[in-house]
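Taking the working numbering, the leading residue of the sequence shown gets 176, the next gets one more, and so forth. Note that CB positions come from ideal geometry on N, CA and C, so glycine has one too. Structure first, commentary second.
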Amino acid sequence: MSDTSSFEMSSVDRPVNRFQVNPVNHKANEMIQLNVPQEVYRRLVNSDGEALEDDTFNENATDILNKQNLQRTHRHSIKSSFRDKDKPSRFKDSQSQTTRFQVAPPNEEDSDDSSGTKEDRELLDNEYDTKYGKSFRHFTREALPRLDNYRNIMSIQAAYRPTLDELHNATLTGKSASLSRNQDPEAANMNGAFKFGWIKGVLIRCLLNIWGVMLFLRLSWVVGQAGIIEGFILILTTTVVTCVTSLSMSAISTNGVIKGGGTYYMISRSLGPEFGGSIGLIFSLANAVACAMYVVGFCESMLDLLNSFGLSIIDGGTQDVRIIGCITISLLLIIVVVGMEWEAKAQIGLLIILLVAIGDFIIGSLIGPKSELEKAEGFIGYNFTIFKENLFADYRKEEGVQHDFFSVIAIFFPAATGILAGANISGDLKDPQKSIPKGTLIAILISTATYLLMVLICGATVARDANGNVADLINGSYAFLNCTPGECNYGLQNSFQVIELVSAFGPLIYAGCFAAAISSALASLVSAPKVFQALCKDELYPKIVWFAKGYGKNNEPVRGYVLTFIIAVAFILIGELNLIAPLISNFFLAAYTLINFSTFHASLAKPVGWRPTFKYYNMWLSLVGSVLCVAVMFLISWATALITFVAVLALYLIVAYRKPDVNWGSTTQAQTYKNALMSVQQLNNVEEHVKNYRPQILVLSGLPNTRPVLVDFAYMLTKNLSLLVCGHVLRGTSSQRYRNYLQDRATTWFRKHGVKGFYALVDGEDFESGTRALMQASGIGKLKPNILLMGYKNDWQTCEKKDLDQYFNIMHKALDMYLSVAILRLPNGLDCSQILGDESSAAKNVIDIPRTLQPNESSADLMSADRSVQNGLSGSMDSLSRNVSQDAGDLSNTENDLKLLKTSSTSDLSFMAGSQVKEVSGLPDPVDPKSPQLLTNSLRKSKQKHNDPASLYKGPGGVELPKEILMELTQFTRKRSHAVIDVWWLYDDGGLTLLLPYIISTRRTWQSCKLRVYALANKKAELEFEQRSMASLLSKFRIDYSDLTLIPDITKKPQETTTVFFNELIKDFVISDKDNGPSNATPEDEAFISEDDLMAVQDKTNRYLRLREYLHEQSMKSDLVVMTLPMPRKNIVSAPLYMAWLESLSRDMPPFLFVRGNQTSVLTFYS
176 MSDTSSFEMS SVDRPVNRFQ VNPVNHKANE MIQLNVPQEV YRRLVNSDGE
226 ALEDDTFNEN ATDILNKQNL QRTHRHSIKS SFRDKDKPSR FKDSQSQTTR
276 FQVAPPNEED SDDSSGTKED RELLDNEYDT KYGKSFRHFT REALPRLDNY
326 RNIMSIQAAY RPTLDELHNA TLTGKSASLS RNQDPEAANM NGAFKFGWIK
376 GVLIRCLLNI WGVMLFLRLS WVVGQAGIIE GFILILTTTV VTCVTSLSMS
426 AISTNGVIKG GGTYYMISRS LGPEFGGSIG LIFSLANAVA CAMYVVGFCE
476 SMLDLLNSFG LSIIDGGTQD VRIIGCITIS LLLIIVVVGM EWEAKAQIGL
526 LIILLVAIGD FIIGSLIGPK SELEKAEGFI GYNFTIFKEN LFADYRKEEG
576 VQHDFFSVIA IFFPAATGIL AGANISGDLK DPQKSIPKGT LIAILISTAT
626 YLLMVLICGA TVARDANGNV ADLINGSYAF LNCTPGECNY GLQNSFQVIE
676 LVSAFGPLIY AGCFAAAISS ALASLVSAPK VFQALCKDEL YPKIVWFAKG
726 YGKNNEPVRG YVLTFIIAVA FILIGELNLI APLISNFFLA AYTLINFSTF
776 HASLAKPVGW RPTFKYYNMW LSLVGSVLCV AVMFLISWAT ALITFVAVLA
826 LYLIVAYRKP DVNWGSTTQA QTYKNALMSV QQLNNVEEHV KNYRPQILVL
876 SGLPNTRPVL VDFAYMLTKN LSLLVCGHVL RGTSSQRYRN YLQDRATTWF
926 RKHGVKGFYA LVDGEDFESG TRALMQASGI GKLKPNILLM GYKNDWQTCE
976 KKDLDQYFNI MHKALDMYLS VAILRLPNGL DCSQILGDES SAAKNVIDIP
1026 RTLQPNESSA DLMSADRSVQ NGLSGSMDSL SRNVSQDAGD LSNTENDLKL
1076 LKTSSTSDLS FMAGSQVKEV SGLPDPVDPK SPQLLTNSLR KSKQKHNDPA
1126 SLYKGPGGVE LPKEILMELT QFTRKRSHAV IDVWWLYDDG GLTLLLPYII
1176 STRRTWQSCK LRVYALANKK AELEFEQRSM ASLLSKFRID YSDLTLIPDI
1226 TKKPQETTTV FFNELIKDFV ISDKDNGPSN ATPEDEAFIS EDDLMAVQDK
1276 TNRYLRLREY LHEQSMKSDL VVMTLPMPRK NIVSAPLYMA WLESLSRDMP
1326 PFLFVRGNQT SVLTFYS
C-alpha cells in the first residue's frame, strides 16, 4: 500500500462550513510522520468567547502546509468517509464524532515524482492563499446550497444562513459565534433511537391489522351470502377504497418530512389544525376502543376453546371475558412500555403464526375432507358442482335483517381498515417518505390476494348448507346437502368454523385467530398514544399537554399508553362492544375521507409547495375515494355516520374558536389566497353602479393604537361592508425588519380589538409625499379606497408653516384623484399615545420571555436579540441603535419631545422613524416578530372580552385608566341610547354627506339614534315648498329621519362677536398688501393671508360664520355633527384661511365630521 496521510475532523460546536483538522499519526511504515501538536487548527475566540472574523492557524500548522506546498511530491485524491452518518454530527455531547480524510497517491510511480506536474500545482496552489489553508467559505459571506440551510430553524441540525441585511449592508458583520439553540428534547433523544424500516415498521403492521379475525370467522359467511363473483367484487370494492386512500396518503407523506403523529400529522399539516385536531382526537379514541374490541374478540375465541374442553374460570361467559381481557391488556401494556423493539419482535412472532394458519388452510383444502364427518358438515373438497352453485349470490334473512350486497360489504369492510397501522408510527420510521407508500401498498396487494384466494377456496370446496348427518353419506349420496335454509347448522351460510373445518390442523386456526386479535390489539395500543402524543404537543385542545411528554430514546408516550390502557379496560368491563363497533369503523372511515380530501384539496389549490415525489395519484381519484368513504360510512350505519359528522364538527369548532397559534402552511391557507385572488380578478370585470356603492376608507391613523378612536370611527362605517386601510407614514427611511415589527403590532391591535382592516406603511421624505404614495398605491383593482379620512389638525395655528401647507395640499391631492375627503374632529383630540403609554406595559411583560428563533430568522439574529436583552438596544445585524441614542439624557429629551408632538400637525398623522424607535425602546428587540404574537396569545388565554374597555386599554405601566378616559376612548364602540346625529347637508356632493350618517345609524351601537337633517334654503319666500321637496327627496332615498330643518337666511351678516372670533383666529397670518408685493413673493407666503384674499372670499367667510351661529344654536347637545366640507379652491383659498373656516365651524362642538364627496352620486331612488 502506498503512503497515505490521514486527517481527522473533530466535531465541535461551531458554525457550518468551518473545519478543524487534526493530523493523526499512525504506524511509521504506513504513514507520513508529522511531528506537530495534536491540535493543529484552532478557531480563535475573543475574551467574550465569540469567534473572530476568520480562522487562523498556529505556527506549526503553517510550517507544515508550506512544507507540503513546496514539496508537491504527490497528486492527492481526497477520500472521505463519514461514520455514524445517521446521527446528528455537529451538536453531539455524548460522544466525539470524527470525519477522516485520507490523502493518498494514485500509484507508486507518482510518489517518486518530486517535481510535480502543472495539475498538481493547480490543485494545491489555486487562487486562494494556501498559507492559511482556507476553504472557499472564508472568502465569501454567502452560504452554499446545503440541506441544513433548509431545516426547521429550531432543529439542532439547522445551519446558519446569512440574512439579507448581512449580505446587503456593508457595515454589518455576519460572522457570528457558535449557536446557542434551545435544543429540542425530542430531537436530542433521537441519538440511538430504535427506528424501523419499511418491512418491520409498515408492511408487517399493516398485514397484521388487515388480517384480523374477520379472515377466519366471517370470510366464509361472506362467500355464502355474496357468492364467488360478488364476493370478488365486494373485496375489490374495499380494495379500491383502501388503495385510493393509500395513494392519497403516499402523496401526502412524500411531500416533505413526516414526523410523529401519522394520520393526525398528515391531515393537520395539509388541511390545517381544525380538521387535523378533530380527526386526531377521534382517531385516538377509536384506536383505544378498538384495542378493547380486539381483546374481547380474543377472549371470546379463548372461551370457545376452553368450552370445547369443558373448562371455565368462573361462569364461562361475561366474567371470564373480563378476567381474560384485563390480563391480556395488561400483558400488552407491559410489552409496549418496555419498548418498541420488543413490540416489533412480538409482531413478527404473531405474523409467523398467522402465515402458518393461512398456509394450514390452503394445505387443508388441497388434502380434502379427512373424515366422513367433515364431508357431512359441508367440506366436499374441490368440486366443480359446488363451485357453480357458489358462483352466484344467495342473500338470506338473518336475525331479522334481509341481507344484500351493501349490508354484506358493511359487515366486511372493517376487515380492511388496518392500512394506517404503519403510518401511525411515522415518528419511529427510518424514512417515512419511502416506507409508508411502499409498505402500505404492498400490504394491500398481499392481503387482497389472500382474501381473493380464500374466497375462491371456500367457494370451490364448501357447500352453502349441510346438516352434518353422516348417515346421509351412505352409497355416495349427497342428501346431507338437501336441507332447508335456516335449519342447517353447517356450511358457508350457517357456520363460522368453516376455515377450521377446511384446515389441515384445526388448532392452528385457533392460533391464527388469537394472533390476529392480539396483533390488532397491539397495533391499536401503539397507534392511539402515538397519535394522541403528537396532538397534545400542538396544544390544540385545553388541558391535554400533560400527555405530550415522552420517555426514553424513542420518546415513548408512556402516559398515553396508560390512558389508552384505562380506556380499554373500562370498555372491556362495560361490555356491549357490538353497539360501538360501527362507530369505531366510521371513525376510521372519517380519517380515510379526510386523507383523500387532503390530497384532492392540495391538488386543487396547487400551492407551489405541493411537490410530492410519489406521482401515482390523481386528484379526482382522491375525490372519488373520499366520496366512497362517506358512502360506506352511511352503508355501515347511517346513525353512527351522523354521530361521526357531529363529533368531527364539534371538535372542529372548538379548535376554530380557540384559534391556536400555529402556522403549518396548510392547503386551506393556499385556497384562501387563491379564492381571494380570483374574487378580486372577477371584481375587476364588474361595472360600478350607484346601488352597489361602498365607502372604502383610507384613514391616516399612523399606528392604530395611537389613534384608536379614529380607527373605530372608520371601522364603524366599513364593518361588514367595505374596505378599511389604516395608513402610516414614516418620515425618512427605516429597515424592513422594523417595518415588519410595526406590521405585526398593527395586526395584533386589529385582532385584539376585533377590527377587520389592513395596515399600510410607507416611507416618505415628508408627510405629504408619503400620503401621496398611500393614496396612489393603496388597494388593488376595484378594492381601492374612495374616501380619505383624516384627523383634524388642532395645532394649525402654532405648527410650522410647512406642515400646515402639507396638510392642506393632501386635501388638494385627494380631490385631484377624485377621492372623497372626510375630516374628524374630537373635542379632546385624537392622539392617545401618551394616555395609553403605547403598550409599554405589554412590552415589559415580553421582556421576561426567552427569545427563540423565528421562521424567517437566522441564527445570528437570535444571538443579537439575546445581546439586545442584556444591553438594551445595541448593535445587532440590523439594529435600530444607529438611530437611537442610549444616553439617558437623550431618552428624557425624547419623552419631552413626544409630549410636545402630541398636538403637532404631522404627529396626528405620521411619525418620524427615529421617534418610533425611541417610543418602543422598552422592548427587548424592537424587530422581534414574536412579541405581538405573544401578546395575542396572552389575550386569547385570558379569555377577555373584546368589548371590555378596561381590558383593551391600559395606561403607562399597565395602570387602570379613569372611567372618563375609557368613555372617551370607546365613544364610537359602546352602545348609545337616544343618540342624536345632526346632518348639515349644505351642498350636493353626490349624497355622501347624507349616506355616511345613515350607515352609522344602522350600526348596532347607534341603532336607536335620531337623524336630524339641516339644509340651506334657496329663497326665504319658497321655504315651505323647498322643505316639502327635501322631505320628498329623503323619502325617495329611503332615509329615515326624525327632523328636517331648512336654513333661510344664510346670507345674513354674522354677529359682531363671531366676526371678532374669526379675526382672532387669523390675526397671525394676515399680511398687508404693502408687505406682499409681487416682486418679493416667496413660496412661504402661501402660508399667509393677504387682505385681497380676504376680500375675495368675504361672502364665503360670512356664510361660514353664520353657520357657526346656527351650529351653536342647534347642535351643541348632539352626539355627532356631520357637515359638508367647504371646497378648498385652488389658488383662491390659502391654507390658514381654509383652516380658520373649519375652526370656526367645529370649535367647542361635539364630535364633528366634515365630509366632501367627489360629486358622483352615491344615492339613488331607482330600484
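query, result
"Report yes if the C-beta distance between residue 804 and residue 767 is below 7 Å; otherwise report no.", "yes"
"I'd like to know if the region 383-390 and the region 588-600 are in contact, where contact means that at least 3 CB-CB pairs between them fall below 8 Å.", "yes"
"Short of 7 Å in beta carbon distance, which residues of its chain neighbour residue 1233, apart from the five on each side in sequence? Order them along the chain.", "1280, 1283, 1284"
"Once DSSP output is grouped into helix, strand and coil, what is the label at residue 877?", "coil"
"Return yes when the Cβ of residue 696 is within less than 7 Å of the Cβ of residue 708, no when it is not.", "no"
"Please report how far the alpha carbon of residue 674 lies from the alpha carbon of residue 391, in whole angstroms.", "6 Å"
"Below 7 Å CB to CB, which residues in the same chain sit around residue 822 once its five sequence neighbours on both sides are set aside?", "457"
"Closer than 7 Å, CB to CB, is residue 569 near chain D or not?", "Absence of chain D from the displayed structure is noted, only one protein chain being present."
"Within its chain, find whatever has a CB closer than 6 Å to the CB of residue 540; leave out the 5 residues flanking it on each side and keep chain order.", "632, 636, 677"
"Going by C-alpha distance, which of 791, 1340, 1231, 765 is nearest residue 451?", "765"
"In whole angstroms, what separates the C-alpha of residue 797 from that of residue 957?", "37 Å"
"Taking the CB atoms as reference points, tell me whether residue 469 and residue 692 lie closer together than 7 Å.", "yes"
"Taking a contact to mean a Cβ-Cβ separation below 7 Å, would you say residue 1160 touches residue 1169 in this structure?", "yes"
"Going straight from the alpha carbon of residue 828 to that of residue 836, what length do you get?", "15 Å"
"Thinking C-beta only, is residue 420 closer than 7 Å to residue 787?", "no"
"Would a C-beta distance cut-off of 7 Å place residue 515 and residue 369 closer than the cut-off?", "yes"
"Tell me which same chain residues have a C-beta within less than 6 Å of the C-beta of residue 1070, skipping the five on either side of it?", "Unreliable placement is indicated for residue 1070, whose pLDDT of 37 sits below 50; no coordinate value is reported for it."
"When we look at the beta-carbon of residue 936 and count the other beta-carbons within 10 Å, is it buried (16 or more) or exposed?", "buried"
"Are the region 768-779 and the region 733-742 touching by the rule of at least three beta carbon pairs closer than 8 Å?", "no"
"Assess contact between the region 872-885 and the region 996-1010, defined as three or more Cβ pairs (one per stretch) separated by less than 8 Å. Is contact present?", "yes"
"How many angstroms separate the CA atom of residue 620 from the CA atom of residue 667?", "25 Å"
"Roughly how many angstroms separate the alpha carbons of residue 638 and residue 556, rounded to a whole number?", "10 Å"
"For residue 905 and residue 1244, I'd like the C-alpha separation in whole angstroms.", "29 Å"
"Look at the alpha carbon of residue 570 and the alpha carbon of residue 579, and state the distance between them as a whole number of angstroms.", "6 Å"
"Within a Cβ cutoff of 8 Å, which residues of the same chain sit near residue 856, ignoring the five residues on either side of it in sequence?", "956"
"For a test of the three-state rule: what should DSSP assign to residue 1007, helix, strand or coil?", "coil"
"If we call anything under 7 Å between Cβ atoms a contact, is residue 891 one with residue 1178?", "yes"
"Could you tell me which of 536, 663, 493 sits nearest to residue 475, measuring between CA atoms?", "493"
"Determine the extent of the alpha helix (DSSP H) in which residue 1263 is found, giving its start and end residues.", "No alpha helix (DSSP H) holds residue 1263; DSSP gives it neither H nor E."
"Assign residue 1182 to one of two classes, buried (16 or more other C-beta atoms within 10 Å of its C-beta) or exposed (fewer than that).", "exposed"
"List the endpoints of the continuous beta strand (DSSP E) containing residue 578.", "Unbroken run through residue 578: none, as it is neither H nor E."
"Give every residue of the same chain whose Cβ lies closer than 7 Å to the Cβ of residue 989, excluding the five residues on either side of it in the sequence, and list them in chain order.", "950, 963, 996"
"Among the residues of its own chain, which have a CB less than 6 Å from the CB of residue 1301, if the five just before and after it don't count?", "1316"
"Between residue 846 and the ligand GTP, is the CB less than 6 Å from at least one heavy atom?", "The ligand content of the structure shown is nil, which means the ligand GTP is not present either."
"Can you say whether residue 1175 is buried or exposed, counting buried as having 16 or more other CB atoms within 10 angstroms of its CB?", "buried"
"Enumerate, from N- to C-terminal direction, the unbroken alpha helix (DSSP H) stretches of 4 or more residues contained entirely within the region 419-462.", "438-446"
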